[in-house]
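Visitor: In terms of the working numbering, the sequence shown opens at residue 2 and continues consecutively.
C-beta atoms are modelled at their ideal positions from N, C-alpha and C, and glycine is treated no differently.
Questions regarding the structure given below will be posed in turn.
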Amino acid sequence: MAYAQYIIIVLHNVGNTPMKVKNVSLSWGKFHADGNKDKEIGKDQIEGKVIGPDEKFQINSCGRSDASSGTEGSFDLVDVNDGDKTIRHFYWDCPWGSKVNTWNVNGSNSKWMVEHQGANLYGGGIGTVTVEALKKGNWYAALLRRGYSLIIYCTERRSDSLVYHLSNMIESICTCSNRVTLSNAASATISEDVVIQKCCGFTKSPRSTSLTSATG
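This is the structure we're talking about:
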């Protein structure tokens, strides 16, 4: 039974900029409703779906019942506010009769950060894959809105001006400035959830989200 070949993709927009599902393609298998592989849905229920700030959207696909085929498909995430420019291209292949699965994420839109996890690439279904996307330049507002606290610190000579700039930038777009702590100490005590060194990208660590500079 090809229902064992399946994939669930949870798309989570963790930023402030809307994104959209586009160019949906399915070569094998079917799309189905959340939690119900027997309820097939059309591609039109996925194509063009706009995912707003802090919203999630789920794409489900599996092989057909009693058919010797799995599921294979692809789609793009695009930036609604940038002329539908592609953020990333996603492709999966979960074949029947093979233990090797494929999950690929391609593209290099440097304006967006995209993380994905959960894909099973050997044996059975691919399973549930979580994709988190965030547009750079507004991550500070998104994190504050999600309940994080921020410590802003800098060890450069011009730390005072940088701290002042970041403080004004955050306070101008957020109503959460009470959770922003400013420090220009060379070795600040890190007790909050997020540390900002410079206004440039972020990487995740096991215990927190650390925002770091790509330029040193």
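Rank Ser66, Thr129, Asn14 and Gly84 by C-alpha distance to the C-alpha of Glu41 and give the top, closest one.
Guide: Distance from the Cα of Glu41 is smallest, within the candidate group Ser66, Thr129, Asn14 and Gly84, for Ser66.
Visitor: With a cut-off of 8 Å on the beta carbons, I'd call Asn107 and Pro19 a contact; round off their distance for me.
Guide: Actually they are not in contact, since the Cβ atoms of Asn107 and Pro19 sit about 22 Å apart, beyond 8 Å.
Visitor: Taking the beta strand (DSSP E) that Val15 belongs to, which residues open and close that run?
Guide: Here Val15 belongs to no beta strand (DSSP E), and DSSP marks it neither H nor E.
Visitor: In chain order, what residues of the same chain have a beta carbon less than 8 Å from the beta carbon of Asn110, not counting five sequence neighbours either side?
Guide: Asp80, Lys86, Thr87, Ile88 and Arg89
Visitor: Report yes or no: do three or more beta-carbon pairs, one from the segment 90-105 and one from the segment 123-133, lie closer than 8 Å?
Guide: yes
Visitor: Beta carbon of Lys38: closer than 7 Å to some heavy atom of the ligand SAH?
Guide: The model depicted lacks the ligand SAH and carries no ligand whatsoever.
Visitor: Using beta-carbon positions only, say whether Phe32 and Asn61 come within less than 8 Å of one another.
Guide: It is a contact, given that the beta carbons lie within the stated cut-off.
Visitor: Answer yes or no: do Leu122 and Trp104 have a C-beta to C-beta separation smaller than 8 Å?
Guide: Contact flag set, yes.
Visitor: Out of curiosity, what's the CA-to-CA distance linking Tyr7 and Val115?
Guide: 22 Å
Visitor: From the DSSP output, in three-state form, read off Ile8 for me.
Guide: Here Ile8 sits in strand by DSSP.
Visitor: Which runs of the beta strand (DSSP E) fall wholly inside the segment 37-83 and span at least 3 residues, in chain order?
Guide: Restricted to the segment 37-83, the beta strand (DSSP E) segments that are unbroken, complete and at least 3 residues in length are 37-42, 57-63 and 72-80, listed in chain order.
Visitor: So the candidates are Val11, Tyr4 and Lys21; which of them puts its Cα closest to the Cα of Gly84?
Guide: Looking at the Cα atoms, Lys21 is the closest of the given residues.
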